[in-house]
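Here our numbering is used: position 47 in the sequence shown is 539, and no number is missing along the way.
Even for Gly, the Cβ is constructed at its ideal location relative to N, Cα and C.
Since the structure is predicted, the reported quantities are computational estimates derived from the model, not experimental observations.
Some notes on the structure that comes next.
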Amino acid sequence: MSEKTFTQRVVEVIKNIPRGKVATYGQLAAMAGNPRGARQVVRVLVAKSGKEGLPWHRVINGKGTISLTGAGFDEQKALLTAEGVAADERGAIDLEKYQWRPAENVSP
Numbered sequence: 493m494s495e496k497t498f499t500q501r502v503v504e505v506i507k508n509i510p511r512g513k514v515a516t517y518g519q520l521a522a523m524a525g526n527p528r529g530a531r532q533v534v535r536v537l538v539a540k541s542g543k544e545g546l547p548w549h550r551v552i553n554g555k556g557t558i559s560l561t562g563a564g565f566d567e568q569k570a571l572l573t574a575e576g577v578a579a580d581e582r583g584a585i586d587l588e589k590y591q592w593r594p595a596e597n598v599s600p
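Following this line, the structure appears as structure tokens:
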């Protein structure tokens, strides 16, 4: 059996983010085995969100804010709000309250 690629591990970790929680690009990269791979996580989200049915809206930047602008910002904020995640007008989210912290690292 072949070893999973970084992309496959990222997809699996993203699928595990629970409703009402968020994770950062860097957090997901580290959980998938590449702590410096935050930009690769962005690429995975762009390429795979629709095809894999990923909860892309639960992924935010390391500053705790929504990175998207325009309609994407509005859609992400609305989806998070519907799950009970509060974001202010700038898209800032309280990481202390909403960041996903799995009891043990997900092993994709």
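For T561, the secondary structure class from DSSP, reduced to helix, strand or coil, is coil. When DSSP reads this structure, Q591 sits in a beta bridge with V514. Between the alpha carbons of N526 and E581 lies a distance of about 32 Å. In the three-state DSSP reduction, A522 falls in the helix class (H, G or I). In the DSSP assignment, A539 falls within the alpha helix (DSSP H) that extends over 530-544.
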